[in-house]
Each structure stands twice: as C-alpha cells, then as structure tokens.
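Novice:
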Amino acid sequence: MEETKDEGHLHPVTIMKRQVLEYFVENGFEIVTGPEVETEYYNFDALNVPKDHPARDMQDTFWLEGEPGTLLATHTSPVQARYMESHEPPFRIVVPGKVFRNEATDATHETQFHQIEVLVVGKGIALANLKHSLEGFLKHLYGETAKMKLRPGYFPFVEPGVEIDMECMRCSGKGCPSCKYNGWIEILGAGMVHPKVLENAGIDSHTWSGFAIGVGVDRLLMLRYGIEDIRLLYSGNLRVVDQF
Amino acid sequence: MLTSYNWLQSHFQKPLPSVTELSHLLTMHAFEIEDTKKWDDDVVIDVDVLPNRSSDCLSHWGIVREIETLAGVEATLPKSLTQTLEAGTPQTISVEREETDQCRRYIARVVKNVNIAPSPEWIQDMLLKVGQKPINNIVDATNFVMFELGQPLHAFDADKIDGDTIFIRYAKKGESITTLDGQVVELDTETLVIADEKDPLAIAGIKGGKKAEVNEKTKNIILESAHFDPVSVRKTSTRLKIRTESSKRFENNVPVSFASDGMGALSSLIKEVASSGGETQFEAPVEDAEEEKSPQQIAITSKAINDLLGSIISDEEVEVILKKLHFKVRVVVKGEQIDEGVIGREILKDGTSAFIVTVPLYRTDVNRLEDIVEEVGRVYGYENIEARALPEESFIPRIDRNVYYMALVKNELRALGFYEVIGHIFAPDGDRRVQSAASEERPYIRRDLRTGMKSALESNRHYAPLLGRDVIRVFEIGKVFKENKEEMHFALGVLDTSSKKQKRADQAFEEIREALKKSCGIKLEALPKEGILEISYDELIKDLPEPKSFGSIFTEKIDHISYEPLSSYPFMLRDIAVFVPEETDEQEIMRVIREHSGDLLAKTLLFDVFPKEFEDGTKKVSYAYHLVFQSYERTLSDGEVGEVMKNIEEDLRKKSCFDVR
C-alpha cells in the first residue's frame, strides 16, 4: 500500500471513459453528449423500437410522473438519433452518457450506469470496417494480444447485429472463474445501423450506411479492475475512488 | 429456452455434433448457448433465442431448422407427429371469429372417445426437461407439440360447453373466468376470450378456464390451434398479470402458417397416445381464417450483400447459403419483368442480375434486404470477413467546449487533492419524479448536487484515516433537474475531520479559487454554504475561450492501478514518530513499517516532518505517521496490532541513531 500523496482521485468511471474516449478522439471522432431526461421519440421510436414492440422489454424504463412521453434515457443511442437528424454525413461520433434502467439492483445491476456509443456513417461503410474499429479499440484497451470474435446478436436499431466476445485476459481463453470457465467474455454490442433509423433521421439509406458500437462502461471497468459491486460506484464511497 | 439434446437428435438420421460442438455452432452462427446441464443420459441445453427470432424459433423444431442450415444435415419430424388420419368425420361444431383483427386464424377439431391416461414416459420426460409438469395425455400432448413446433395449442372438454359454436370475441362488461389453476379473473372489454354461447372458456392465447377443463372423466374433446394478435396478447397478459408459455409465444408473433402444422401434429400425437382402440373419431377440422398471404419476395444482389458486409462472397455461394436457409432462390436478369410486389425490385437497375428470394411464411423477421444480409452474413460466418480500415473522409470533428473544460477542471481539481464523486440521480426530494421508483424513499430526480454530496462527505468522515486524509475534498460535475429544465452543475465539498470549526475547509476553498484562476482562467466567485459550493457549470466556464483541440487531456496513467475489494472489518489507528539522521532516506522508515505490518497495513499518512538540531550538534529530522491497520478476514485485536507496533519500534531502534519518540 502506497503512502498517500497530495493528489486526489478521479472517479473510476471517468478513468474508464477516458480510456475509451482517448482511442476514438485519436481517430478523428467527435465527442457528442445529450440529455439524461429524454423523449419517447428519440429513445425508442426513432430507433426502430415502436410502441408495443417486445424489444421494449429489453430495457425497463423510468417514465416521468406527470410528463407524458418523457423518460430517463435507457441508453445513449437517442443522442445518435438527434445528431443524425441535424448533421449531414459523413461523420464519426462517440457519445458518453449516463443511462437509467428500472431493474432490481444487485452486485452487477444498478438503476444508473454509464454507456459510450460510437457511430460512423459514410459511403460504403461495411461490417468489415466495424470489425477493424472494434479490433483497434480492444487492442488500445487491452494490448496487442487482445482477441475478439463476433457472433449474431439482436438490437432493434442495427441489422446485422452482433455481440462481441473478448478472450478472457486472466486465463488466456483456457477457462477460469472470471469468464465462467467459458474462455470468452461478452464485452460489447454492435451492428450496422438499421436503414429505418437512417431514414427516420432524414438520411438516404441507399447512399449512406453506418455502424454503431455500444460499450457498457461500468461493466468494462468492473471486468478490468475486479470491482466487486457496481453499487459501490454510485454510493459516494471514496475508498473505491481512492484506489484509482 | 430449454431444449433436450436427445429430442433434437431424434429429428436426424445422422448423429449430431457433440453438445460442445453443437453449442459452438449455434453460438457463433445463430443463438448463444447459455448453459448445458446433464440430465440422466441426456443434456438440457439452454438456448438464448434472440428476440427477432422468437417468432419462429421458440421450439425444438426451430432449433432443428437452424441445425439443418448450419450443419447441412436434413431433418424430419418424428413419426408420432406425422401420422396421417383418415378423412375426418362430419363436423359437429362451428367457429365464429367476431374479432378478425385480433384472431387471424382459428382451427377447431372435435375428437370423440379419447382415452384419458397418464402420458407415456418419453412425453413426460421431455416435458420435465423443459420445465413443464405432466398432467394427462391430452394436456401433455398440447404442451409437447407447443415445445416441438412453437405453436401454442389447447384442448377443451367438448361435453362441458354450452351449444356447438366456439366464439372468438371480446369479453363483455362484468364477465369473469375461473382459470385452470382456480384463480377468478375479472375480465374487461379489451380482453379477447374464447367462449361458448354462454361463458368465456379461455383467455385467448393466454390461459384456459375451468369450465371446459380436460380431466380423467373427459370423453370428447375440442382441439384449438390459432393465431392471436401479438400486441393484444401482450397488453392483456400485462394487464391481467398472467404470463404463460403460450402467451410468451403469441406475444412474439407466432407465424399464422403454424396453426395448421400444429393441428396436424397434435392430432397425430393424440391418435398415438390417447386413442381407445378403434373407437376414437377425428372430425374434420373447422377453420375460420383470413385469406392466406403469399410469401414475401425480396430482390437482392450479391453486390448489395458484399457492400454491407464488406465481404467477397460469390453469386454461387450466396445462392448456396440462401438455399441452406430454406429460402427459395430465382435468378433474374436485367430487362426481365419483376412483379410489383417484390420488395427492393429497383435493385435490378444497378447490375446485370439479381436474386428474387422467396422467404418462408414463418420467417416474419425477414422483410427487407438488410435482414437477408444478416442471414447470409451469420451463416457465412463473421469470422470470415476481413477487417477493413475506415475510408478517408472529410469529416472534421468539433471540439465540444463543455467536454473540454470538464476534463480540464477535473484534472486541476485532482491535482489539488480532490476526490470525484458521481452521485445518484434519485433523491428524497425534488421538483420532478419517476412513476415507478426503484426505492420508495427516493422517487425524485435530484434538483441539486449538494444534498447527495453532504451525505457522501458525512459517510466518508469515519473512513478518513483509510483515505489517509484528515481533510476530505470532493467534487462533482453532473446533471440536476428542475421544473422543465436539465442543468449541469458544479459542486465542491470540503470536510475538515480534525476540527469542528472547519478552518482548513475555508482555506481549501481559497486554494481552489487561486488555482482555478491561474491554471484555467476561471473566476470562481461563489461562496460555499456549510462546506459545499454549488453553481451552474455554464456559469463556471462562461468566460472561457473556444478550445482548439483536446490534446492529451484524456490520457491517464493507469499502470499503477490495482484495485482491492473493500474490507468490511473495522480498522485500527496507531501513530509513530521517529528522529532519523538528516541524510536518511525516508523510505527506510517505511520499509521497516511495511515489513512488520504485512497485509494488515491499509494506509499511512505522513502528517508531520520537521528538522531539529540537538545540543550535541547532531542534525536530525522527525517523521510522524498515522498508521491504519485493517484485515480482510477478521476484526483485528489490540494485542495483534500492539505486537506489530512493538516489532516496528524494536527494528527501528536497532538502527543506529534512529530514535523512536
């Protein structure tokens, strides 16, 4: 244990966010932020999740009392929808934000957490480009030996949709408690932006295509440093912050 | 979704890949296998069927079809489900769909003289493996076929219904139903029910009623295989708070075409397991349905597929993959007339030839080019697509002023000894609140940062020694919520744990004012209240210029970070001070302290250093430390810590000229 110095400490979530932002800013991405209180339109409808869609079950929502059609953002994708509406492609943005889910809390679930989403829209953007960005990003975070694989996933705002698994760093894929003896850890979600989402934003899906990546900052943070309980991050516990 | 490996195998002539290999195949190309559990000589495989495939794949047959596609082996339905029946005897019932939008298809079939008995072993076995309780051969058969084909089915006792017509209608005001598990459910006019001429017999697609329950005494039954509108079932299921395997499937839009497959399979299975000699009679099914829709046709080219994936898949290979997916493929050439109903037909003008893909009716999730690209991509294998760098583009990223200055200010505050907190949005008080709060005590969204910050400071007061500080400095930059407004706020909090007067707290605020002015050009004029200063973030950075670039503002030194989970055991404090010769390296003292404390030393704070010249001319320096001891495994005793201190002091004294005070 080091003796104390005069320096203070930034929150581990900030430190993790910066590791992610650093990579994308270096690669010419623009940082965009958005509101924590969102409209139903940007949070769901614009993203191809209409009312009564079972996909709405994937995210339990906090609706605001006495404010119809208003909710706490369940993901950072609404910011992308807003940006796409007001900007012409090509563009590359990275969106950090606080998001909220109405779920029972436990060691790995909190009602508030952080996400970072990445969006690239351009001419001829393909899944191959998405792969390249994912590889570059994971290598930046975990080093040259980071290995990943893509498998089918589903999110309403992308098609094709993929889940990204990374080889467990602790056991090099052999299997250990950290990766539930799987050798691989599910770490990110991504996909090609659904043409409906582009069209909703007034972007011609025949000319332009894009990909999106979703990063769960708290999850990445907990996996990387072995933080035992996500609730420690938002309870003002300085003994956690002290270690960063 | 739980499946039985043996039951999947029973669809194939050739042996399936091992459980491990099969799991890998499905995970990489279709659905993640979440868990596998041994069950006698079988393995129960938990398949995470994706939401967009919950229409056609919430069944063994759905997984079987995927195995056909991915492993290239042909499957057939088990014999017990494909027996042909003789032409049915004349129908004695009729069906009336009063709500044709809510129920697009309804098939009913009377079966006379069934023999109610427990199901054979193999049916009970499969049902138990998927988490279902066996009841009797008729009820079990309906469940078995549902888990096999994905079509929910039901059976009524024909002799318990009034009249000979089945109505599909909305419930009337005041109607209620006693469901099969004995619950009395009040119905409303938005709930679709299956009814006889007097009473509701079932909540459509969700749960059956006791009135027409099939039990040991039943002789004649009516089978139901239907399609119910997914939105309607979902809303009713939520409203009545009843969720069943049946409602789950209907919510996900069971393909309309499944109804006849389900009825056929169910009839066959009942003939096999519930007949009474030659006396069992199957009447011809009665069907009331909309006109059958023709399958979707989508025009695609391999160019379009390769463009979106960034792959190089040949025409031939695309065709092979599409056929593996059970899609019908027809090649069309430029100039050929394409039917108006074909989706994406304008694609033909881009190239010389295209494919017209006919999508099976049960693939309700495939409606456009991108859906087909996903199908081809996943079968081809995403691992086979080579990564490709982003193209050069003319995009110039804007530097967001708020983001820039937030990072700058955070770095500055860190340098001044501040800890960053990220508070919770939910608060005991505020201007706005959420509808279903996670915590009853905190239904509001916070209107300031100071309320949360005050509690954070207080709750950390006790742990100040573990932080190695007696003055705790915190800050937060975060959103607060007022009537119709969302604002970013900046707050600083200082707590001097060593004095009630908070003298050092005031000093801390002055330090910050000076430092922020010097390093960032920020004029922080606001005054703290009760140790906390809060202003709007816009106010804080209002006079600052537009930043030109982020530079390396986000670069963090992370190599030193090594997190240890927090100990929940109490800590103990000890002080030690020692005079050492002037030229001594302070690290020597620390080394001795650490050596004897081992794992128990949680934190040290060097709180006092001063030189002293003694009478005899020797020059020494005094170092004084607060030491914090804590264990992960137990509460430390006075004796234990005392022992450690004794050893430290002895060792320090051994060094010539070290003088422990």
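Residue numbers (my numbering), protein chains in the order written: chain R, 1 to 244; chain E, 1 to 661.
Quick reminder that beta carbons are idealized off the backbone N, C-alpha and C, glycines included.
1. In chain order, what residues of the same chain have a beta carbon less than 6 Å from the beta carbon of ILE123 of chain E, not counting five sequence neighbours either side?
2. Run through chain E and tell me which residues come within less than 8 Å of SER246 of chain R, C-beta to C-beta.
3. So LYS265 of chain R contacts chain E; which residues on that side make the cut at Cβ distance below 7 Å?
4. Mind listing which residues of the region 619–637 of chain E have their C-beta closer than 7 Å to chain R's C-betas, in chain order?
5. Straight-line CA distance for ILE648 of chain E to LEU466 of chain E?
6. If contact means a Cβ-Cβ distance below 7 Å, which residues of the region 3–18 of chain R contact chain E?
7. Give, in chain order, every residue of the region 432–456 of chain E whose Cβ lies closer than 9 Å to some Cβ of chain R.
8. Measure from the C-beta of LYS235 of chain E to each C-beta in chain R and report whether the shortest distance is under 9 Å.
9. Run through DSSP, which three-state label would LEU64 of chain R get?
10. Does the beta-carbon distance from SER119 of chain E to VAL273 of chain E come in below 9 Å?
11. Mind checking if PRO565 of chain E is an interface residue toward chain R, Cβ cutoff 9 Å exclusive?
12. Considering only residues of the same chain and omitting the five flanking positions on each side of SER247 of chain E, which have a CB-CB separation below 7 Å?
13. Please report the straight-line C-alpha distance between ARG688 of chain E and LYS217 of chain E, rounded to a whole angstrom.
14. What does the alpha-carbon distance come out to for the pair ASP181 of chain E and ILE203 of chain E?
15. Taking only beta-carbon positions, decide if VAL403 of chain E is within less than 9 Å of chain R.
16. So, are the CB atoms of LYS479 of chain E and GLU36 of chain R less than 9 Å apart?
17. Roughly how many angstroms separate the alpha carbons of LEU636 of chain E and ASP575 of chain E, rounded to a whole number?
18. The alpha helix (DSSP H) spanning PHE571 of chain E covers which residue range?
19. Which term fits THR507 of chain E, buried or exposed, when burial requires 16 or more other beta carbons within 10 angstroms of its beta carbon?
20. Quick one: what does DSSP say ASP159 of chain E is sitting in, helix, strand or coil?
21. Kindly identify the DSSP beta-bridge partner or partners of ARG330 of chain E.
22. How would you label GLN13 of chain E, buried or exposed, when you count the other beta carbons within 10 angstroms and need 16 or more for buried?
23. Tell me where the alpha helix (DSSP H) around GLY452 of chain E begins and ends.
24. Is the shortest distance between the beta-carbon of GLY202 of chain R and the beta-carbons of chain E less than 9 Å?
25. Tell me, to the nearest whole angstrom, how far the beta carbon of GLN296 of chain E is from that of VAL193 of chain E; I am working on the premise that it is less than 8 Å.
26. Would you please verify whether the beta carbon of ILE422 of chain E is less than 9 Å from any beta carbon of chain R?
27. Give me the DSSP bridge partner(s) of LYS619 of chain E.
28. Measuring only the C-alpha atoms, how far is ASN137 of chain E from ALA146 of chain R?
29. Determine, for VAL286 of chain E, whether the minimum Cβ-Cβ distance to residues of chain R falls below 9 Å.
30. Applying the criterion that 16 or more other CB atoms from any shown protein chain within 10 Å of the CB defines a buried residue, is GLU2 of chain R buried or exposed?
31. Select from E:ALA526, E:GLU316, E:LYS529 the residue whose C-alpha is nearest the C-alpha of LYS303 of chain E.
32. How big is the Cα-Cα spacing for GLU197 of chain E and ILE168 of chain E?
33. For SER597 of chain E, count neighbouring C-beta atoms within 10 Å of its own C-beta (all shown protein chains included) and say buried if the count is 16 or more, exposed if not.
34. Anyone know if the C-beta pair for PRO326 of chain R and GLU370 of chain E falls short of 9 Å?
35. Does the beta carbon of GLU96 of chain E sit closer than 9 Å to a beta carbon anywhere in chain R?
36. In the region 217–243 of chain R, which residues sit with their C-beta less than 8 Å from some C-beta in chain E, listed in chain order?
Specialist: Based on what the coordinates show:
1. Here residue 123 of chain E is taken as the residue at index 123 of the second sequence, counted from 1. So the qualifying residues of the chain are ASP140, PHE144.
2. The requested residue 246 of chain R does not occur in the structure, where chain R is confined to residues 1 to 244.
3. Past the boundaries of the shown model lies residue 265 of chain R; chain R is included only from 1 to 244, so the question cannot be answered.
4. So the list is empty, because no residue satisfies the distance condition.
5. Your numbering for residue 648 of chain E matches position 648 in the second sequence. Your numbering for residue 466 of chain E matches position 466 in the second sequence. Whole-angstrom Cα-Cα distance: 20 Å.
6. Here the close residues are GLU3, THR4, ASP6, GLU7, GLY8, HIS9, LEU10, HIS11, VAL13, THR14, ILE15, ARG18.
7. Listed by position, the residues of the region 432–456 of chain E near chain R (Cβ gap below 9 Å) are ARG432, ARG433, VAL434, GLN435, SER436, ALA437, ALA438, SER439, PRO443, ILE445, GLY452, MET453, SER455, ALA456.
8. On the second sequence, residue 235 of chain E is found 235 positions in, with the first residue counted as 1. Yes, because at least one Cβ of chain R sits closer than 9 Å to the Cβ of LYS235 of chain E.
9. Counted from its first residue, the first sequence places residue 64 of chain R at position 64. LEU64 of chain R falls in the strand class under three-state DSSP.
10. Numbered from its first residue, the second sequence carries residue 119 of chain E at position 119. Numbered from its first residue, the second sequence carries residue 273 of chain E at position 273. It is a contact, given that the beta carbons lie within the stated cut-off.
11. Counting from one through the second sequence, the residue named residue 565 of chain E turns up at place 565. The beta carbon of PRO565 of chain E sits closer than 9 Å to some beta carbon of chain R.
12. For the purposes of this step, residue 247 of chain E is taken as residue 247 along the second sequence, with counting starting at 1. Excluding positions up to five away in sequence, the list reads GLY205, ILE206, VAL233, SER237.
13. Since the first residue shown for chain E is 1 and the last is 661, residue 688 of chain E is missing from the structure and cannot be characterised.
14. Along the second sequence, read from residue 1 onward, the residue named residue 181 of chain E stands at position 181. Along the second sequence, read from residue 1 onward, the residue named residue 203 of chain E stands at position 203. Per the coordinates, the alpha-carbon of ASP181 of chain E lies some 13 Å from the alpha-carbon of ILE203 of chain E.
15. Start at 1 with the first residue of the second sequence, and residue 403 of chain E comes out as number 403. Cβ-Cβ to chain R under 9 Å: yes for VAL403 of chain E.
16. The sequence position of residue 479 of chain E within the second sequence is 479, counting from 1. The sequence position of residue 36 of chain R within the first sequence is 36, counting from 1. It is a contact, given that the beta carbons lie within the stated cut-off.
17. Indexing the second sequence from 1 puts residue 636 of chain E at position 636. Indexing the second sequence from 1 puts residue 575 of chain E at position 575. Distance between the alpha carbons of LEU636 of chain E and ASP575 of chain E is about 16 Å.
18. Walking along the second sequence from the start, residue 571 of chain E turns up at place 571. Note, PHE571 of chain E: premise wrong, no alpha helix (DSSP H); not H, not E.
19. Locating residue 507 of chain E in the second sequence gives position 507, counting from the first residue. According to the sequence displayed, residue 507 of chain E carries Gln and not Thr. Under this definition GLN507 of chain E is an exposed residue.
20. Position 159 of the second sequence, counted from the first residue, corresponds to residue 159 of chain E. Three-state result, ASP159 of chain E: helix.
21. Along the second sequence, read from residue 1 onward, the residue named residue 330 of chain E stands at position 330. The bridge partners DSSP lists for ARG330 of chain E are E:ILE356.
22. Counted from its first residue, the second sequence places residue 13 of chain E at position 13. Classification for GLN13 of chain E: exposed.
23. The count along the second sequence starts at 1 and reaches residue 452 of chain E at position 452. Bounds of the alpha helix (DSSP H) holding GLY452 of chain E are 450–461.
24. As a working mapping, residue 202 of chain R is identified with position 202 in the first sequence. For GLY202 of chain R, not one C-beta of chain E is nearer than 9 Å to its own C-beta.
25. Position 296 of the second sequence holds residue 296 of chain E. Position 193 of the second sequence holds residue 193 of chain E. Incorrect: roughly 32 Å between the Cβ atoms, too far for contact.
26. Sequence index remark: in the second sequence, residue 422 of chain E carries index 422 (1-based). At least one chain R Cβ lies under 9 Å of ILE422 of chain E.
27. As a first step, residue 619 of chain E must be located in the second sequence, where it is residue number 619. Looking at the DSSP output, LYS619 of chain E sits in a beta bridge with E:GLU613.
28. Here the question's residue 137 of chain E lines up with position 137 in the second sequence. Here the question's residue 146 of chain R lines up with position 146 in the first sequence. The C-alpha of ASN137 of chain E lies about 54 Å from the C-alpha of ALA146 of chain R.
29. Taking the first residue of the second sequence as 1, we reach residue 286 of chain E at position 286. By this cut-off, VAL286 of chain E is not an interface position.
30. Position 2 of the first sequence holds residue 2 of chain R. Any answer about GLU2 of chain R is weak, because its pLDDT of 38 lies below 50 and its placement is not dependable; what the coordinates show is given next. Counting other Cβ atoms within 10 Å of its Cβ, GLU2 of chain R stays below 16 and is therefore classed as exposed.
31. The residue labelled residue 303 of chain E in the question sits at position 303 within the second sequence. Ranking the options by Cα distance to LYS303 of chain E, first place goes to E:GLU316.
32. Indexing the second sequence from 1 puts residue 197 of chain E at position 197. Indexing the second sequence from 1 puts residue 168 of chain E at position 168. Cα to Cα, the separation comes out at about 11 Å.
33. Along the second sequence, read from residue 1 onward, the residue named residue 597 of chain E stands at position 597. SER597 of chain E is buried by the Cβ-count criterion.
34. Nothing about residue 326 of chain R can be read from this structure; chain R reaches only from 1 to 244.
35. Working through the second sequence from its first residue, we reach residue 96 of chain E at position 96. Chain R, which has no Cβ nearer than 9 Å to the Cβ of GLU96 of chain E, makes this no.
36. Going along the region 217–243 of chain R in chain order, one finds TYR225, GLY226, ILE227, GLU228, LEU232, LEU233, TYR234, SER235, GLY236, ASN237, LEU238, ARG239, VAL240, VAL241, ASP242, GLN243 with a Cβ nearer than 8 Å to chain E.
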